[in-house]
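Right under this line is the structure:
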């Protein structure tokens, strides 16, 4: 891998991780374009770690408040900590559902998930879901105080679909959160905080793939550069998305998904995977 390619991978991962356009699909597409195939998921997870670091830094006050409230309620049972405690529980519930079902789905469908037709179809699905939630569903008014256990179960099931390249994790959690009746601010905050345990859990599962041969294949300097670039662009992506959602529509992301799906289906041949 060249330094330029490491920078491109970092930019692609950073920009797409939290936008509802599927970072996994874009990383797979970038691999196809450059002619790479990485053993296991270690490199993808490595880049995801940079993205989750950006989330932790940006939302550190929210994260710390949830953690403090969660453990204070367990030890002291103070009423003012009840909301943060249950919000933490809902994050854990959705994470557990995603972890278990995601592992099962990825094992069953691993052979077909990273083909251009599959990615194109998944991107189309993401686009239609974004249009539906934007045009045909009335935004709810549930907040952290009023969301329920079953909301977290539903969102966890939705997030599980992100195991398929082309189904955006952030898009899935946003769409299902809004379907469950959460208001937009709560849905966005829940989606971002939910990314932290999901990505950290994926990192633990992929730790065996991080080998000396993989590091040598990519190059230590390239790994560092891609990590730093991913972190910077993830932070910029978070800031931009939050600002964008306050001012504009999810439908623009849907149009982008449609365009990329067509380009992937037309210009990327499945045989490219066999050649790399």
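Residue numbers (our numbering): 6 to 281.
Note that the Cβ used here is the ideal one computed from N, Cα and C, for glycine as well.
- Secondary-structure assignment with DSSP links residue 187 through a beta bridge to 147.
- For residue 122, the uninterrupted alpha helix (DSSP H) run begins and ends at 121-140, by DSSP.
- Distance from the Cα of residue 256 is smallest, within the candidate group 142, 63, 35 and 76, for 142.
- About 7 Å separates the Cβ atoms of residue 262 and residue 129, confirming a contact at the 8 Å cut-off.
- Beyond the five residues adjoining it in sequence on each side, residue 77 comes within less than 7 Å, by CB distance, of 83 and 86 in the same chain, given in chain order.
- Residue 163 and residue 134 have their alpha carbons spaced roughly 11 Å apart.
- In this structure, the alpha-carbon of residue 132 lies about 10 Å from that of residue 171.
- Look at the beta carbons and you see the region 33-42 not touching the region 238-251: under three pairs across the two are nearer than 8 Å.
- Residue 39 sits in a helix when the DSSP states are folded into three classes.
- With a threshold of 16 other beta carbon atoms within 10 Å, residue 138 meets it and is buried.
- The criterion of a C-beta distance shorter than 8 Å is satisfied by residue 88 and residue 150.
- Here the alpha carbon of residue 17 sits roughly 12 Å from the alpha carbon of residue 9.
- In its chain, beyond the 5 residues on either side, 96, 99, 100, 160, 164 and 178 have a beta carbon closer than 8 Å to the beta carbon of residue 199.
- Closest option to residue 191, judged by alpha-carbon separation, among 223, 12 and 144: 144.
- With fewer than 16 neighbouring CB atoms inside 10 Å of its own CB, residue 146 falls in the exposed class.
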